[in-house]
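**Student:** Just passing along the structure, written as structure tokens.
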Amino acid sequence: MNLKYYFDYNSTTPTDPRVVKEIIPYFGTKFFNPSSFYRKAGEISIDIENSRERVAKLLNAEPNEIFFTSGGTESNNLAIFGITLKLKEKGNHIITSKIEHSAVLNTCKYLSKKGFEVTYLPVDKYGLVNPDDLKKEIKDTTILVTIMHANNEIGTIQPVKELSEIAHKRGILFHTDAVQSAGKMKVDVKELDIDMLSISSHKIYGPKGMGVLFKKKRVKINPMIFGGAHEKGLRAGTENVPGIIGIGKAAELAILEMDENEKRLKPIRDKIEKGIIETIPDVIINGNTDKRLYNTLNVSIRYIEGESILAFLDNQGFALSSGSACSSKSLEPSHVLLALGLKHEEAHGSLRISLGKYNKKEDADKLLEVLPPIVEKLRSMSPFWKKK
Amino acid sequence: MLYSKKVMEYFQNTKNYGKLEDADGIGKVGNPRCGDVMWIYIKVKDNKIIDAKYETFGCVAAIATSSMAIDMIKGKNIDEALRLTNKAVAEALDGLPPEKLHCSLLAEKGIKAAIEDYKSKK
């Protein structure tokens with residue numbers, strides 16, 4: 000069975016054909032190293048700067064605040080390592096949340112083994128950080144607060160403006176991982192008053208292996224990758240020119256299409272949510288249904304395990320994700336779902352449906368047609384399911 | 000994650016599942032925390048397993064190994080069934096991804112627990 004219905008856009012997106020078209024010359028006639036002397040190479044530098052401007056516009060930032068990296072993971076690493084290395088004389092305390100992406104969590108975990116102290120803020124049962132908790136945890140040694148904008152698994156959107164305000168009142172820098180929100184919703188670094196922010200290209204219909212760190216001009220951080228003077232010395236290495244051109248085009252398209260995507264995808268997501276609640280008993284909707292990405296739905300289907308559901312769906316041409324341990328290669332289920340207070344078995348039984356701009360209305364009907372019988376079959380195999 | 004064709008076949012066309020109402024032995028193994036729970040039911044007559052079923056909460060590998068293990072013990076006598084190893088179950092499925100090998104161990108444990116339960120009731 001071929002893959003016909005893709006519901007995993009929070010995992011990755013296909014590169015928009017208009018992006019691909021714009022990238023292709025940079026593999027051929029425009030292959031030059033932008034650092035070279037000759038004019039043809041110099042022209043590439045201009046293209047890179049145009050791309051920087053496009054990305055800056057997506058975030059309402061200044062072009063000189065945009066730094067190209069290899070992806071969201073590197074941006075998060077660069078922000079956290081960069082600031083902690085720079086400010087380690089000033090303090091050694093970092094505040095983050097329990098539901099961050101592993102690119103933030105594991106960076107913090109590593110630093111905690113290297114003499115830094117990390118506080119992981121809890122979230123409520125809908126996945127929201129309480130700003131009062133942040134206020135309480137800040138101390139004289141705190142040098143960075145890093146809390147994600149929108150969560151990749153449940154879509155909950157944090158009050159980052161309020162959180163950054165609290166950090167700033169105490170003179171502390173605020174970083175946010177905006178990999179899931181940028182391109183989907185308005186992310187304005189001036190309005191939100193953010194010091195550093197990470198985005199990823201392949202989540203916004205750009206190529207993989209490409210990301211951006213926004214960094215306010217006055218914020219000084221240490222580099223992690225050393226070499227040439229690329230990216231103003233903050234990130235060495237010959238530029239990934241096709242990637243840079245790609246994220247620029249993707250950012251431009253996102254600005255144009257964001258509102259339309261929201262208008263079209265939210266009703267499809269809501270329809271799937273309503274359909275699941277109506278046709279499948281004993282389900283839990285995970286996340287905050289008010290403050291949630293319009294494309295994301297996370298649901299725990301009790302008494303069965305997520306990977307089995309994914310396998311049956313895959314067989315019928317549907318691509319989804321789960322927070323079960325089995326689909327992640329680790330033995331623990333999703334740390335995000337556990338942080339909401341779900342039981343292990345409820346986290347194991349979770350499904351994530353994340354929509355994107357190529358989903359059609361009919362996709363929802365198809366999913367709602369195939370899912371209930373799959374659930375019924377797996378429940379009939381489960382020792383926990385007692386027919387009512 | 001890629002499973003062997005045989006695993007997918009056993010997963011998708013699994014038989015032998017459900018409750019065995021008049022079971023002589025039930026083996027309950029696994030832990031919902033880890034995402035795998037297996038209940039093995041056996042019906043025994045003249046020291047022979049004449050029927051067996053499973054109920055499993057778990058992933059593709061857990062369901063496929065439950066199904067395969069039941070196939071492998073049905074019609075066997077108790078001693079033969081006790082000799083079933085997790086390796087044999089995994090091999091019969093043309094192998095399992097390394098991080099899924101613990102599922103086949105669960106099937107072996109489940110069968111042993113069901114036989115123990117049967118023996119304790121005798």
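Which chain is which? The protein sequence lines are A and B, in order.
Numbering that gives the first Met the number 0 applies: residue 0 is where the first sequence begins, and numbers increase by one.
Numbering that gives the first Met the number 0 applies: residue 0 is where the second sequence begins, and numbers increase by one.
Glycine residues also receive a C-beta, built at the ideal position from the N, C-alpha and C atoms.
Quick one: is A/Ile303 near chain B, going by C-beta distance under 8 Å?
**Tutor:** Residue 303 of chain A sits at position 304 when you count from the first residue of the first sequence. It does: the Cβ of A/Ile303 has a partner Cβ on chain B nearer than 8 Å.
**Student:** Just to confirm before moving on: does the CB-CB distance between A/Asp176 and A/Val122 stay below 8 Å?
**Tutor:** Counted from its first residue, the first sequence places residue 176 of chain A at position 177. Counted from its first residue, the first sequence places residue 122 of chain A at position 123. Contact flag unset, no.
**Student:** Taking the continuous beta strand (DSSP E) assigned at A/Phe173, which residues delimit it?
**Tutor:** Residue numbering aside, residue 173 of chain A sits at position 174 when the first sequence is read from its first letter. Counting along the chain, the beta strand (DSSP E) containing A/Phe173 begins and ends at Leu172 to Asp176.
**Student:** Please state whether DSSP places A/Ile137 in a helix, a strand or coil.
**Tutor:** Stepping through the first sequence from its first residue, residue 137 of chain A is reached at position 138. A/Ile137 falls in the coil class under three-state DSSP.
**Student:** Mind checking B/Pro122: buried by the 16 CB within 10 Å criterion, or exposed?
**Tutor:** As shown, chain B starts at 0 and ends at 121. That puts residue 122 of chain B outside it, with no answer to give.
**Student:** Is A/Arg38 near the ligand GDP, in the sense that its beta carbon is under 7 Å from a heavy atom of that ligand?
**Tutor:** In terms of ligand content, the structure shown is empty, and the ligand GDP therefore cannot be addressed.
**Student:** Under 8 Å, do A/Phe26 and A/Pro241 count as touching if we go by C-beta distance?
**Tutor:** Within the first sequence, numbered from 1, the residue matching residue 26 of chain A stands at position 27. Within the first sequence, numbered from 1, the residue matching residue 241 of chain A stands at position 242. Cβ atoms of A/Phe26 and A/Pro241: closer than 8 Å.
**Student:** Per DSSP, which one or two residues make a beta bridge with A/Ala318?
**Tutor:** As a working mapping, residue 318 of chain A is identified with position 319 in the first sequence. A/Tyr5, per the DSSP bridge assignment.
**Student:** Does the Cβ of A/Arg268 have 16 or more other Cβ atoms within 10 Å, making it buried, or fewer, making it exposed?
**Tutor:** Your numbering for residue 268 of chain A matches position 269 in the first sequence. Classification for A/Arg268: buried.
**Student:** Give the straight-line distance between the Cα atoms of A/Met380 and A/Phe6, rounded to the nearest whole angstrom.
**Tutor:** Numbered from 1 along the first sequence, position 381 holds the residue referred to as residue 380 of chain A. Numbered from 1 along the first sequence, position 7 holds the residue referred to as residue 6 of chain A. Straight-line Cα distance between these residues: approximately 26 Å.
**Student:** Let me see if you follow: with CB-CB separation under 8 Å, is B/Arg82 close to chain A or not?
**Tutor:** For the purposes of this step, residue 82 of chain B is taken as the residue at position 83 of the second sequence. So, not an interface residue.
**Student:** DSSP three-state label for A/Ala235, please.
**Tutor:** One-based indexing of the first sequence puts residue 235 of chain A at position 236. Residue state, collapsed to three classes: coil.
**Student:** For the candidate residues A/Thr12, A/Leu2 and A/Tyr8, whose alpha-carbon lies nearest to that of A/Lys207?
**Tutor:** Position 208 of the first sequence, counted from the first residue, corresponds to residue 207 of chain A. It is A/Thr12.
**Student:** Helix, strand or coil for A/Ser197, going by three-state DSSP, please let me know.
**Tutor:** Residue 197 of chain A sits at position 198 when you count from the first residue of the first sequence. Here A/Ser197 sits in strand by DSSP.
**Student:** Do A/Ile23 and A/Pro33 have their beta-carbon atoms positioned less than 8 Å apart in this structure?
**Tutor:** The residue you call residue 33 of chain A lines up with position 34 of the first sequence. The residue you call residue 23 of chain A lines up with position 24 of the first sequence. Not in contact: A/Pro33 and A/Ile23 (Cβ atoms no closer than 8 Å).
**Student:** Does B/Tyr16 come within less than 8 Å of chain A when only Cβ atoms are used?
**Tutor:** Residue numbering aside, residue 16 of chain B sits at position 17 when the second sequence is read from its first letter. Taking Cβ atoms only, chain A reaches closer than 8 Å to B/Tyr16, which makes this a yes.
**Student:** Could you name the residues that DSSP lists as bridge partners for B/Lys27?
**Tutor:** As a position in the second sequence, residue 27 of chain B is number 28, starting the count at 1. According to DSSP, which records beta bridges pairwise, B/Lys27 is partnered with B/Trp38.
**Student:** Counting only Cβ pairs nearer than 8 Å, list the residues of chain B close to A/Phe383.
**Tutor:** Counting from one through the first sequence, the residue named residue 383 of chain A turns up at place 384. Within chain B, the residues near A/Phe383 are Pro31, Val36 and Phe56.
**Student:** Using 8 Å as the limit for Cβ to Cβ distance, is B/Ile48 near chain A?
**Tutor:** Position 49 of the second sequence, counted from the first residue, corresponds to residue 48 of chain B. Answer no: the Cβ-Cβ gap between B/Ile48 and chain A never drops below 8 Å.
**Student:** Where A/His334 and A/Lys97 are concerned, what is the direct C-alpha to C-alpha distance, given to the nearest angstrom?
**Tutor:** Translated into the one-based positions of the first sequence, residue 334 of chain A becomes position 335. Translated into the one-based positions of the first sequence, residue 97 of chain A becomes position 98. Each residue's Cα considered, the two are about 8 Å apart.
**Student:** Kindly indicate if chain A contains any beta-carbon less than 8 Å away from that of B/Ile114.
**Tutor:** The count along the second sequence starts at 1 and reaches residue 114 of chain B at position 115. It does not; no Cβ of chain A falls within 8 Å.
**Student:** With DSSP collapsed to three states, give me the class of A/Val18.
**Tutor:** The count along the first sequence starts at 1 and reaches residue 18 of chain A at position 19. If DSSP states are grouped into helix, strand and coil, A/Val18 belongs with the helices.
**Student:** Should A/Pro16 be labelled buried (16 or more other beta-carbon atoms within 10 Å of its own) or exposed?
**Tutor:** On the first sequence, position 17 is the one that residue 16 of chain A refers to. A/Pro16 comes out exposed.
**Student:** Answer yes or no: does any C-beta atom of chain B fall closer than 8 Å to that of A/Glu152?
**Tutor:** Stepping through the first sequence from its first residue, residue 152 of chain A is reached at position 153. A/Glu152 does not count as touching chain B.
**Student:** Got a sec: is the Cβ-Cβ distance from B/Val59 to anything in chain A below 8 Å?
**Tutor:** Here the question's residue 59 of chain B lines up with position 60 in the second sequence. Judged by the 8 Å Cβ criterion, B/Val59 is in contact with chain A.
**Student:** Just to confirm, are A/Ile82 and A/Leu162 a CB contact at a threshold of 8 Å?
**Tutor:** The residue given as residue 82 of chain A occupies position 83 in the first sequence. The residue given as residue 162 of chain A occupies position 163 in the first sequence. No, these two residues do not count as a Cβ contact at 8 Å.
**Student:** Considering Cα atoms alone, identify which of A/Ile276, A/Leu339, A/Ile283 and A/Val18 is closest to A/Leu367.
**Tutor:** Reading the first sequence from its first residue, position 368 is the one you call residue 367 of chain A. The residue with the shortest Cα to Cα distance from A/Leu367 is A/Ile276.
**Student:** Between A/Lys97 and chain B, is the shortest Cβ-Cβ distance under 8 Å, so that the two count as touching?
**Tutor:** Reading the first sequence from its first residue, position 98 is the one you call residue 97 of chain A. Not one chain B Cβ lies under 8 Å of A/Lys97.
**Student:** Is it true that the CB of A/Val282 sits closer than 8 Å to the CB of A/Ser307?
**Tutor:** Start at 1 with the first residue of the first sequence, and residue 307 of chain A comes out as number 308. Start at 1 with the first residue of the first sequence, and residue 282 of chain A comes out as number 283. Going by C-beta atoms, A/Ser307 is not nearer than 8 Å to A/Val282.
**Student:** Please report the straight-line C-alpha distance between A/Lys143 and A/Ile79, rounded to a whole angstrom.
**Tutor:** Reading the first sequence from its first residue, position 144 is the one you call residue 143 of chain A. Reading the first sequence from its first residue, position 80 is the one you call residue 79 of chain A. Note that residue 143 of chain A corresponds to Leu in the displayed sequence, not to Lys. If you take the alpha carbons of A/Leu143 and A/Ile79, they lie about 8 Å apart.
**Student:** Have a look at B/Asp78 and B/Ala87 and give me their C-alpha separation to the nearest angstrom.
**Tutor:** To locate residue 78 of chain B, count along the second sequence from 1; it is residue 79. To locate residue 87 of chain B, count along the second sequence from 1; it is residue 88. Whole-angstrom Cα-Cα distance: 16 Å.
**Student:** Does A/Glu52 come out as helix, strand or coil in the three-state DSSP assignment?
**Tutor:** As a first step, residue 52 of chain A must be located in the first sequence, where it is residue number 53. A/Glu52: helix per DSSP, three-state reduction.
**Student:** Can you find a CB in chain A that lies within less than 8 Å of the CB of B/Ile77?
**Tutor:** On the second sequence, position 78 is the one that residue 77 of chain B refers to. So, not an interface residue.
**Student:** Kindly give me the distance between the Cβ atoms of A/Ile153 and A/Pro130, rounded to whole angstroms, as I take these residues to be in contact under 8 Å.
**Tutor:** In the first sequence, the residue the question calls residue 153 of chain A occupies position 154. In the first sequence, the residue the question calls residue 130 of chain A occupies position 131. Contact flag wrong, Cβ pair sits at about 19 Å.
**Student:** For A/Lys387, would you say it is in contact with chain B, using Cβ-to-Cβ distances shorter than 8 Å as the test?
**Tutor:** Position 388 of the first sequence holds residue 387 of chain A. With a pLDDT of 49 at A/Lys387, under the threshold of 50, the predicted position of this residue should be treated as unreliable, though the coordinate-derived value follows. Not closer than 8 Å to any Cβ of chain B, the Cβ of A/Lys387 fails to qualify, so no.
**Student:** Output the distance between the C-alpha atoms of B/Lys75 and B/Ile48, rounded to the nearest integer angstrom.
**Tutor:** Working through the second sequence from its first residue, we reach residue 75 of chain B at position 76. Working through the second sequence from its first residue, we reach residue 48 of chain B at position 49. Roughly 6 Å between the two C-alpha positions.
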